[in-house]
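Numbering (the numbering used here), first residue to last: 56 to 317.
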């Protein structure tokens, strides 16, 4: 049976961020994820997790100047020291939160910038992150993101992400398979899940094309979730979508998967 993590960056925006933990637990979620924890002390977030019986499933390493438009720095030449410092900070939070997966965002690349150089930097930074994280029993994940939502993002395709992980060769470096992004860029999700499951470290879902609940749109999630389960994936599936209206009122799709329904 699939297990789900509420993405508190996109969901439960009816509440202040610290109160989203309790709201997610009340609705039956066993875990949470979000983009970044760094606006809060790790101990404060850990207290929210513990008070609500929640597991921290995933968060992102520092992305550079997010407010200024940056979307990760792992592939950006000249930012290697900043990347390493930021990843150390991510591991500090992971230790406190009990988190075992950290997403590293590649960053943006301009049409006139040297892709080969960005890839070289990306590989070196990922190798460093994976080696550092391995000592903490933490998995590093990289995510192909569609260029409709994030124009210029360095990593867009599943096969490219899998090839990068293979080239780095670290056992704790895997791909974050976001069904929403994959459908927009490539489609053929079932075939890619079957092909790549051994190299997939985290999965996320959302409706396509509007990124609302996964019960509306062009993807057949009951089929995909059954397939994911049958392929042996035992991690949490992140619900990284924007609710159409209230978060709780839009969770009818989740009820068959809750423990009480089992």
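Think of the CB as a built atom: it goes at the ideal place given N, C-alpha and C, for glycine as much as any other residue. Just so we're clear, the structure is a prediction, and the values are computed from it rather than from any experiment.
Rounded to the nearest whole angstrom, the C-alpha separation of residue 61 and residue 233 is 14 Å. Listed in chain order, the non-local C-beta contacts of residue 285 below 7 Å within the same chain number zero, local neighbours out to five positions each way being set aside. For the 7 Å CB-CB criterion, residue 305 and residue 268 form a contact. According to DSSP, residue pairing for residue 88 in a beta bridge involves 62, 113. Here residue 246 is exposed: its Cβ has fewer than 16 other Cβ atoms, across all protein chains shown, within 10 Å. Per DSSP, residue 236 is one residue of the alpha helix (DSSP H) stretching across 234 to 240.
CA-to-CA, the gap between residue 59 and residue 293 works out to about 6 Å.
Residue environment for residue 278: exposed (fewer than 16 other C-beta atoms within 10 angstroms of its C-beta).
With a cutoff of 7 Å on beta-carbon distance, residue 98 and residue 131 are scored as not near each other.
Burial is judged here by how many other beta carbons sit within 10 angstroms of a residue's own beta carbon; residue 140 has fewer than 16 and is exposed.
Between residue 96 and the set 83, 149, 69, 77, the nearest pair of CA atoms involves 149.
Between residue 212 and the set 87, 158, 136, 197, the nearest pair of CA atoms involves 197. Taking a C-beta distance under 7 Å as the contact criterion, residue 154 and residue 194 do not qualify as a contact pair. By the Cβ neighbour-count rule, residue 115 is buried, with 16 or more other Cβ atoms within 10 Å of its own. The beta carbon of residue 201 is closer than 6 Å to those of 236, 239, 240 in its chain, skipping five residues each way along the sequence. Excluding the 5 residues flanking it on each side, residue 223 has same chain C-beta neighbours closer than 8 Å at 178, 181, 182, 185, in chain order.
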